[in-house]
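A.B. asks: Residue numbers (the numbering used here), protein chains in the order written: chain A, 33 to 317; chain B, 33 to 317.
1. What residues from the stretch 262-280 of chain A come within 8 Å of chain B, judged by C-beta to C-beta, listed N to C?
2. Once DSSP output is grouped into helix, strand and coil, what is the label at residue 175 of chain B?
3. Starting from residue 81 of chain A, trace the beta strand (DSSP E) both ways and give me its first and last residue.
4. Report the partner residues of residue 302 of chain B according to the DSSP bridge assignment.
5. Excluding the five sequence neighbours on either side, which residues of its own chain have a C-beta within less than 6 Å of the C-beta of residue 200 of chain B, listed in chain order?
6. List, in order along the chain, the chain B residues whose C-beta lies closer than 9 Å to that of residue 284 of chain A?
7. Spatial neighbours of residue 168 of chain A within its chain, please: CB distance less than 8 Å, with the 5 preceding and 5 following residues excluded, ordered by chain position.
8. Closest Cβ-Cβ distance between residue 120 of chain B and chain A: below 9 Å?
9. Which of the three DSSP states is assigned to residue 69 of chain B in this structure?
10. Between residue 181 of chain B and chain A, is the shortest Cβ-Cβ distance under 9 Å, so that the two count as touching?
11. Since residue 137 of chain A meets chain B, which of its residues come closer than 7 Å, beta carbon to beta carbon?
12. Excluding sequence positions up to five away, which residues of its chain have a Cβ less than 7 Å from the Cβ of residue 62 of chain A?
13. Which of the residues in the stretch 66-84 of chain A, read from start to end, lie with their CB under 9 Å from any CB of chain B?
14. Specify the secondary structure class of residue 49 of chain A as computed by DSSP and reduced to three states.
15. Closer than 7 Å by beta-carbon distance: list the chain A residues that pair up with residue 164 of chain B, in chain order.
16. Evaluate contact between the stretch 37-55 of chain B and the stretch 138-155 of chain B, counting only Cβ atoms and requiring at least three cross-stretch pairs below 8 Å.
17. Three-state secondary structure (DSSP) at residue 242 of chain A?
18. Buried or exposed for residue 171 of chain A, going by 16 or more other Cβ atoms inside 10 Å?
19. Just to make sure I have the definition right: I need the residues of chain A whose C-beta is within less than 8 Å of the C-beta of residue 41 of chain B. Which are they?
20. On a Cα-Cα basis, can you pick out the residue from B/234, B/289, B/224 and B/248 that is closest to residue 214 of chain B?
21. Going by C-alpha to C-alpha distance, which of A/35, A/47, A/182 and A/59 sits closest to residue 241 of chain A?
22. Mark residue 110 of chain A as exposed unless 16 or more other C-beta atoms lie within 10 angstroms of its C-beta, in which case mark it buried.
23. Name, please, each residue of chain A whose Cβ falls closer than 7 Å to the Cβ of residue 235 of chain B.
24. Determine, using beta carbons only, whether residue 180 of chain A and residue 223 of chain A come nearer to each other than 9 Å.
25. Report buried or exposed for residue 284 of chain B, applying the criterion of at least 16 other Cβ atoms within 10 angstroms of its Cβ.
26. Does the distance from the CB of residue 189 of chain A to the CB of residue 290 of chain B come in under 9 Å?
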């Protein structure tokens, strides 16, 4: 059972709803016996931009600076800058990481994007061989917890912002699952800024209740690595396509097979009964 | 016809493929008589994080700092910091904005996300009333031009990264179209770092050729604002759903109506014959 939790928190104000959600997480998780660390990105004045300064010592190729390659080498040789080394220590020690932020422009705020860009370096967080269901952090869990500016209806499949499941795909599949994390369903606080105090309280209360069982939750479903053919550009193997031919829905939001998207694939665990979580084999498809 | 172009460019190295793509754009567009400005974000040491320092003078509510509200007020009163004011001038003067970047974690690098977060402020770039097809920048065009680390197959609908159309939705719908921009099809340079020199050259050549006709291209299709009911949480009006009931595909990647996604909806103009671009009315659905 997970007991070491890292909260990566990105809001400027301690009076915000995001701060209250973070504080509630610290309190409830500690009361369950968890060790909780918080990276308060604005308070830390966290550097968001990926630059050569992230590497101490000589660059391998200063004329053609390539961030992924240079940080990989620096990581191997212990030459990453101090703040990255410290964040990577926190990640390494964590069983669960909660990202708490206000959604900015259908994604994370730049300061948190910078945390992803700079902390999850090649070698440390992924390699060509260790990705997705075979990813480096396969024994860790991660989740997004965020506030929106828009009402829930606007992010419904009929809403003007489009289906929230689509908006979450690049973050949950492209970052979290890519590094191997078991992705817990997101905690979405719909438009708390416009909500009356009692709604804000009940949103926070629901979060506190959820956290009681958070460490035992099933993660979201993704298509396991073994379904893809590494010899053929990591496309779905014909047998996987075939096994799925008569299903009503695609495999995931991203790997939709030209079918309707499986409803709530990025928002609720267990909605794709047709295949298991991270580790499940092709025969389960 | 567009003649003032802003290129927002985000790569650390002048020896990169991204730099070559940017340089090609400057050259070809200038040779067509365009005025071209470049915001070279790393070179400018562009601040990525949205903080209270972006506002000069007193904050309205320092205890409960809310970035959108404070920057809106500051913008109205001419109290935004100098770099934001300057970027907003460039946006205001541009007929076309090209964002040139390497894809980081299924999205833009943090420094470019910071440009979106900080430059496209409430009031200047959008209001509650002026969004999407009625957006403030409806007479401007914008497009993404980016390199990937992955091969194209990995971003196909059968590929392990999922359909690139899904990954582009939050950027193209959630940021560009949200502000009203007519979104031109993205220019995607697939994995140039791994490509042999002749492939890199031919990718750049294709980009140069495309730019000859760029200003005359049709934009991508989105569902116009008039199809959504502002009284009912901006969900699709029943008559719009009904008009679309017998179609094979959803309206867009995000507003999929529980149907298969319209193929290449976020990557090619004109693929949704069933409805027009930004300005088209509900009767065209």
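Note that CB positions come from ideal geometry on N, CA and C, so glycine has one too.
Just so we're clear, the structure is a prediction, and the values are computed from it rather than from any experiment.
C.D. replies: In brief:
1. The residues in question are 264, 265, 266, 267, 268 and 273.
2. strand
3. From DSSP, residue 81 of chain A is part of no beta strand (DSSP E); its letter is neither H nor E.
4. Beta-bridge pairing links residue 302 of chain B to no other residue.
5. 298
6. 194
7. 156, 157, 158, 159, 162, 211 and 212
8. no
9. strand
10. yes
11. 148, 149, 206 and 207
12. 68
13. So the list reads 73, 74, 77, 78, 79, 80, 81, 82, 83 and 84, given in the order they occur along the chain.
14. helix
15. 192
16. As far as the Cβ criterion goes, the stretch 37-55 of chain B touches the stretch 138-155 of chain B, which means the pair count is three or higher.
17. helix
18. exposed
19. Correct list: empty, because the minimum Cβ distance to chain A is about 14 Å.
20. B/248
21. Ranking A/35, A/47, A/182 and A/59 by CA distance to the CA of residue 241 of chain A puts A/59 first.
22. Under this definition residue 110 of chain A is an exposed residue.
23. Ordered by position in chain A, no residue passes the 7 Å Cβ test against residue 235 of chain B, which lies about 17 Å from the chain.
24. yes
25. By the 16-neighbour rule on beta-carbons within 10 angstroms, residue 284 of chain B is buried.
26. yes
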